[in-house]
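Participant: The numbering of the sequence shown is my numbering, which starts it at 11 and goes up by one.
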Amino acid sequence: MRMHEFKSRRRVVRLPRGREELTILAWAVAALGMLWAFVMLADEVTEGETHHVDEWVLNALRQGDDRALTIGPRWLESAALDITALGGAVVLGLTVFAVTGYLLLHGLRRNALFVFVASTGGWVLTWALKSFFDRARPDVVPHLREVMTSSFPSGHALTAAAVYLTLGALLMRIAQGRPAKYFCLALAILITFLVGASRVFLGVHYPSDVLGGWLAGMSWALLCLTVEVFLERRAGLRREHQEHSQPG
């Protein structure tokens, strides 16, 4: 698709005004709901209520006679190491740089700002939450990946949710047809899930860490999407008003 075709389609293909407002409201409510769920989970974590389940899951993913070995075929551990890199700062940073640069070069400044704010905000949020909770890393099983920060919430899960769901939402608005739109969303969700699951499989995070990262990351991504769509809608209404007010 050529960029000028995409730009023109964005101006023409829009939801009816009432549906658009309901969609924005639904996203805002979903973001607040996930934020509330994160707060409830964080309360359970700080009180130690999740500790038994967390340890049980980590132990279940290791062989009984040797806790340094994961269950399943040997290639599964290698795959988990590859997948977890998709949520690392280097891969995500390069992805965000490439996407925002591409959007800026094609004059899509608002979309570029949307991706940049959602992504960098995810990293800032990760640092702030990890510093606040300062939960120790799991010591139930040996770590299969070197880690240096605190445990709750999972930074890989949070930033993967913030970045990949943001990109998925952007691609959904560009893609033509429902199958393509659903594919973009499903792919973003799948990558986010696999990154988080890999952190538990490698023994570097409790399941509650990953769940907390997903909730916080999804809440932030939805909040950014809500604001971006609201601002775009307002800009569209302003353009319509200017066009109607012109004589002739």
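Cβ atoms here follow ideal geometry from the backbone N, Cα and C, with glycine treated the same way.
1) Ignore the nearest five residues each way along the sequence and tell me which others in V67's own chain have a CB closer than 7 angstroms to its CB.
2) Please tell me whether G97 and A198 are closer than 8 angstroms, where the distance is taken between their beta carbons.
3) Taking the alpha-carbon positions, what's the F240 to W37 distance?
4) Going by DSSP, what residues sit across from H92 in a beta bridge?
5) Just how far apart, CA to CA, sit H62 and V150?
6) Among the candidates T169, N121, Y112, whose CA atom is the shortest distance from the CA of L139?
7) If T105 and V173 are in contact, beta carbons under 8 angstroms, what's the gap, nearest whole angstrom?
8) Using the Cα positions of R20 and D219, report the straight-line distance between them to the nearest angstrom.
9) Can you say whether T236 is buried or exposed, counting buried as having 16 or more other CB atoms within 10 angstroms of its CB?
10) When you compare only the Cα positions, how much space is there between V119 and T176?
11) Could you tell me whether the Cβ atoms of S160 and R145 are closer together than 8 angstroms?
12) From A47, E156, R147, A122, pick the residue whose C-alpha is nearest to that of F162; which is it?
13) Please classify L8 as buried or exposed, where buried requires at least 16 other C-beta atoms within 10 Å of its C-beta.
14) Using 8 angstroms for Cβ pairs, my map puts G222 next to L51. What's the rounded Cβ distance?
Facilitator: According to the structure shown:
1) Only V210, P217 meet the Cβ criterion.
2) No, these two residues do not count as a Cβ contact at 8 angstroms.
3) Straight-line Cα distance between these residues: approximately 11 angstroms.
4) Position check: residue 92 holds Asp in this sequence, whereas His was assumed. For D92, DSSP assigns no beta-bridge partner whatsoever.
5) Counting only the Cα atoms, V150 lies some 11 angstroms from H62.
6) Cα-wise, what sits closest to L139 is T169.
7) T105 to V173, Cβ: 7 angstroms. Contact.
8) Any reading at R20 needs caution, since the residue's pLDDT is 47, under 50, leaving its predicted position unreliable; the model's value is listed next. Taking the straight line from one Cα to the other gives about 38 angstroms.
9) The residue in question, T236, is buried, as its Cβ has 16 or more Cβ neighbours within 10 Å.
10) Here residue 119 is Arg; the residue named in the question, Val, does not match the sequence. In a straight line, the C-alpha of R119 is about 15 angstroms away from that of T176.
11) Closer than 8 angstroms, so yes.
12) Checking every option, the nearest Cα to that of F162 belongs to R147.
13) The structure shown does not extend to residue 8, since the chain is modelled only from 11 to 258, so the question has no answer here.
14) Their Cβ separation, rounded to whole angstroms, is 5 angstroms, which keeps G222 and L51 in contact under 8 angstroms.
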